[in-house]
Structure formats: C-alpha cells, structure tokens
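>
In this note's numbering, the protein residues as written are 807 to 962.
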C-alpha cells in the first residue's frame, strides 16, 4: 500500500496511517464499488469515536464537547454525540457552521441530535466556539469533528 504508512504501537499492534488520498479512495470504494450508503460509513466512524471516548473517560462523568463542521466529518461527530448520549455519556454539541450549510447525511444526524434534545449550540463558525465555552462547564474531552478529507481550502 503506497499511500499508507505503517507505525508500530505497543498497545495497538500494527497501526496504519492513511494519506488523505488513500482515505478518500477507501470511502469512495465502499460507496461506489460495495454499495454501502454514506450514512453507514458515518455510523461506523461514530462507533469508533464512541469506543475511544468511553475508553478515554475511564469511568469519569465528565462532559464531552463535540465540535462539528457542516460536512461528513461533522456528521460523524453528530452521530457520535447520539451514540455517546445513549451510552450514558454527558455530551454537548457545537455546530461550527450555519445550520443551513449542513447537507445530506450529516443533516440527517443533525435532525436526530436536535430531536433528541441534546445540548446543542450552532456556533456559526469556529471563532464563535470561544463564547460557547464560557457558557459550558469545562469539558473533560473535546472531539474534533470539524473537517475531514473533503476540506479543500486552508484552515482559518
């Protein structure tokens, strides 16, 4: 695999780090060649985030803040918020984009999060998160679900 770098880790065994292009190719193959709906990919990513967060919390009752962007990565974060809440974890969601910019499968997860009544703020942009943080207790963990492999511009 030329677009993956192998790293060894004592706890995890073999770990592969994919380039942006390789990651996008895997997602594209899952959808186009294998017929998996993108929402299934989001659900799988959300399950992985859920497992990592629960392990990181190690039984603590801290708040988990999920900062979500408008794209598929944000959809992963929104789905993770739902799953974490259902697992008994206290969550808050900061959508760091206008709600109207959330489309497709990410919008499905946004509707679910709002319908469930999870603590939610549409921050409008990344800069607005600072104001949100003043309103919340200090989170035990922050999940970055802002941008993924689809980002095609410089970070601000």
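C-beta: ideal position from N, C-alpha, C; glycine also.
So residue 887 packs on residue 863, CB below 8 Å; how close in whole Å?
The count along the chain shown starts at 1 and reaches residue 887 at position 81. The count along the chain shown starts at 1 and reaches residue 863 at position 57. Wrong, their Cβ atoms sit about 14 Å apart, outside the cutoff.
> What runs of the alpha helix (DSSP H), each 4 residues or longer, lie entirely inside the segment 872 to 915?
List check, alpha helix (DSSP H) in window: 878 to 892.
> Report all residues from its chain with a CB closer than 6 Å to the CB of residue 882; omit the five preceding and five following residues, and keep chain order.
Numbered from 1 along the chain shown, position 76 holds the residue referred to as residue 882. Hits under 6 Å: 848, 851, 852 and 951.
> Within a Cβ cutoff of 7 Å, which residues of the same chain sit near residue 845, ignoring the five residues on either side of it in sequence?
Counting from one through the chain shown, the residue named residue 845 turns up at place 39. If we look at residue 845 and ignore the five residues flanking it on each side, its Cβ neighbours are 911 and 914.
> Using only the alpha-carbon positions, how far apart do residue 855 and residue 840 sit?
Taking the chain shown and counting its residues from 1, the one referred to as residue 855 is at position 49. Taking the chain shown and counting its residues from 1, the one referred to as residue 840 is at position 34. Roughly 23 Å separates the two Cα atoms.
> Straight-line CA distance for residue 858 to residue 879?
Looking up residue 858 in the chain shown gives position 52. Looking up residue 879 in the chain shown gives position 73. Those two C-alpha atoms are separated by around 16 Å.
> Thinking C-beta only, is residue 870 closer than 7 Å to residue 942?
Position 136 of the chain shown, counted from the start, is the residue given in the question as residue 942. Position 64 of the chain shown, counted from the start, is the residue given in the question as residue 870. Contact flag unset, no.
> Output the boundary residues of the beta strand (DSSP E) element that contains residue 946.
For the purposes of this step, residue 946 is identified with residue 140 of the chain shown, where counting begins at 1. Per DSSP, residue 946 belongs to no beta strand (DSSP E) and is neither H nor E.
> Do the segment 901 to 910 and the segment 830 to 839 meet, that is, are 3 or more Cβ pairs less than 8 Å apart?
No contact exists between the segment 901 to 910 and the segment 830 to 839.
> Please report the distance separating the alpha-carbon of residue 930 from that of residue 944.
Against the chain shown, residue 930 aligns to sequence position 124. Against the chain shown, residue 944 aligns to sequence position 138. Between residue 930 and residue 944, the C-alpha separation is close to 20 Å.
> Consult DSSP for residue 824 and reduce its assignment to one of helix, strand or coil.
On the chain shown, residue 824 is found 18 positions in, with the first residue counted as 1. In the structure shown, residue 824 sits in a strand (DSSP, three-state: E or B).
> If you run the structure through DSSP and keep just helix, strand and coil, what is residue 929?
What you label residue 929 is simply residue 123 of the chain shown in a count that begins at 1. Reduced to three states, the DSSP call for residue 929 is coil.
> Is residue 902 a contact residue of the ligand NAD, with contact defined as CB to any heavy atom under 6 Å?
The model on display carries no ligand, and the ligand NAD is accordingly not part of it.
> For residue 885, which residues in the same chain have their Cβ closer than 7 Å to its Cβ, ignoring the five residues on either side in sequence?
For the purposes of this step, residue 885 is taken as the residue at position 79 of the chain shown. Closer than 7 Å at Cβ, skipping near neighbours: 848, 849, 852 and 915.
> In chain order, what residues of the same chain lie with their CB nearer than 8 Å to the CB of residue 919, ignoring the 5 residues before and after it?
Counting from one through the chain shown, the residue named residue 919 turns up at place 113. Correct list, in chain order: 884, 887, 888, 899 and 926.
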